[in-house]
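Residue numbers (our numbering): 1 to 291. The beta carbon of each residue, even a glycine, is placed where N, CA and C say it ideally should be. Structure, as structure tokens:
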Amino acid sequence: MVDHRADPSALRFLIGHDLRAERDRSGWKQADAAKVIGSSQAKINYLETGKTQQKPGEIAALLRAYGADVEHVDRMSSLARRADQGTWWAPFSDVLPDWFKTFVGLEGLATAAFSYESLLLPGQLQTSDYAAALLVGNLRVPPREVQQVVRARMARQRLDSTDQSIVPLRFRTVIEEYVLDRIVGGPTVMRAQLEHLLEMMRRDNVELHVMPVTTTVHDGLDGDFLLLDFEVAQSIGYIEYPAGAIYIQDQDQVDGYALSADRLCSAALSGPDSAKFIEGRIAGLIASSED
1 MVDHRADPSA
11 LRFLIGHDLR
21 AERDRSGWKQ
31 ADAAKVIGSS
41 QAKINYLETG
51 KTQQKPGEIA
61 ALLRAYGADV
71 EHVDRMSSLA
81 RRADQGTWWA
91 PFSDVLPDWF
101 KTFVGLEGLA
111 TAAFSYESLL
121 LPGQLQTSDY
131 AAALLVGNLR
141 VPPREVQQVV
151 RARMARQRLD
161 STDQSIVPLR
171 FRTVIEEYVL
181 DRIVGGPTVM
191 RAQLEHLLEM
201 MRRDNVELHV
211 MPVTTTVHDG
221 LDGDFLLLDF
231 EVAQSIGYIE
241 YPAGAIYIQD
251 QDQVDGYALS
261 ADRLCSAALS
271 GPDSAKFIEG
281 RIAGLIASSE
291 D
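Structure, rendered in structure tokens:
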């Protein structure tokens, strides 16, 4: 089966992240690792940061030296062999900021994701009209690029793909109540968006929780964050700011964010109660349009 979400730079990022984590776990220094494959310490650093092509044989040799089990060595070597495929998002490269391209690649490779959103709906759940409305007057997106940016955002969505070669993303999210009260694009656009949320929530791979304003203190108060899980690589965290992003790769920190994700889901409304909450907002929009 062809992997339509392949992305060389994202694969190198994941492999490098795993190499560093395994080396740290084993207590090896980069200079010691360099001797295993007869290279310089600088090359080990390049391999771990994904700045150079990672050959399957070198990856296998390093992981075996670090004491990784056979299955893990085989998985990571397989990833390295996939790193020469094309980039699925190439048609949108002109409107994707360089700092964001790595995330788009990683998101395409992920099997599951969690997102906490305090201000807007997550991109995986946005309709095209909602996404376009968010870009009106945006300082970083010229008007002539809006439609291409929207197309890129829609292409990233994997919750209900009809393409049999794309495995649907398992997606959990917690959104704040007032995200539903921000009438992005006007009542008609927002009503369609809320109805889309309900449709997505009926899918087995989508779990959405609304955080009511009556829950005054919870783990999301430190800020928005996203977690990505992969079938053959370690999970990573992601925190975005207006002109860049921070990747959380230390596994103890990732585990901390995973715990926060579970706590947020528990503190928020249940899935069925969240659906009823959204239905109430739709009813309010209908009533206001009839006044």
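For a quick check, are the C-beta atoms of A68 and L228 less than 7 Å apart? no
Leaving aside the five residues before and after V150 along the sequence, list all residues of the same chain whose C-beta is less than 8 Å from its C-beta, in chain order. S128, A131, A132, L135
Taking the straight line between their C-alpha atoms, what separation do you get for V2 and A233? Reliability fails at V2, whose pLDDT of 40 lies under 50, so the model's placement of it is uncertain and the value that follows must be treated cautiously. Their backbone Cα atoms lie some 19 Å apart in a straight line.
Which residues in the same chain as R170 place their Cβ atom closer than 7 Å to its Cβ, once the five residues preceding and following it in sequence are excluded? T111, A112, N205
For L91, which of M154, L19, R20 has the nearest alpha-carbon? Strictly speaking, residue 91 in this sequence is Pro, with Leu absent from that position. Ranking M154, L19, R20 by Cα distance to P91 puts M154 first.
What do you reckon, are the CB atoms on P56 and A80 nearer than 7 Å? yes
Of the listed residues M190, V70, A261, nearest to D222 (C-alpha basis): A261
Alpha-carbon spacing of D105 relative to E240, whole angstroms: Looking at the sequence shown, residue 105 is not Asp but Gly. Going by the C-alpha atoms only, they are around 15 Å apart.
Taking a contact to mean a Cβ-Cβ separation below 7 Å, would you say E71 touches I37 in this structure? no
Indicate whether L198 and I286 have their beta-carbon atoms separated by less than 7 Å. no
Look at the alpha carbon of I44 and the alpha carbon of Q53, and state the distance between them as a whole number of angstroms. 11 Å
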